[in-house]
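Colleague: So the sequence shown is numbered by numbering that gives the first Met the number 0: it starts at 0 and just counts up by one. Right, I'll just put the structure down here and ask away after.
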Amino acid sequence: MADPTVFVVTLEAVEADGEPTLTVLAFARADEEEAAGQIAVAELERLGWRHIQVLRAGEVTDPGALPEDFRGAWANALTWGCGLIIYDEP
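This is the structure in structure tokens:
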């Protein structure tokens with residue numbers, strides 16, 4: 000059985016409680032890039048974020064090459080379908 004496909008999706012969005020627009024990296028388990036973007040948007044919407052815009056997405060082809068601080072979000076995507084990294088600077 001093949002390993003699940005995980006995509007990293009870069010988004011911009013506004014937190015539920017205000018401004019500014021922040022950058023979010025979402026690791027999403029999906030069959031293809033467009034579905035990964037939809038999963039990432041749905042997760043942010045579930046958390047109350049607004050003005051969500053997908054900027055780009057790409058498949059994670061070598062999880063071992065991910066920086067250490069990305070590995071938790073990648074593992075969450077494998078387990079729960081989506082893992083987020085939210086940058087506190089715009």
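Note that the Cβ used here is the ideal one computed from N, Cα and C, for glycine as well.
1) Which one of ALA56, ALA72, PRO19 has the shortest CA to CA distance from GLN95?
2) Would you kindly work out how many angstroms separate the C-alpha atoms of ARG49 and ASP61, rounded to a whole number?
3) Please work out which residues of its chain come closer than 7 Å, Cβ to Cβ, to PHE6, disregarding the five sequence neighbours upstream and downstream, and give them in chain order.
4) Does DSSP classify GLU18 as helix, strand or coil?
5) Which parts of the segment 39 to 76 are runs of the beta strand (DSSP E), unbroken and 3 residues or longer, counting only runs that do not cross its ends?
Modeller: Let me spell this out:
1) The structure shown does not extend to residue 95, since the chain is modelled only from 0 through 89, so no value can be given for it.
2) Residue mapping note: residue 49 aligns to position 50 of the sequence shown, counting from 1. Residue mapping note: residue 61 aligns to position 62 of the sequence shown, counting from 1. Going by C-alpha positions, ARG49 is about 31 Å away from ASP61.
3) In the sequence shown, the residue the question calls residue 6 occupies position 7. So the qualifying residues of the chain are ALA27, ALA29, GLU32, ALA35, ALA56, GLY57, GLU58, VAL59.
4) Residue mapping note: residue 18 aligns to position 19 of the sequence shown, counting from 1. Coil, per DSSP.
5) 49 to 58
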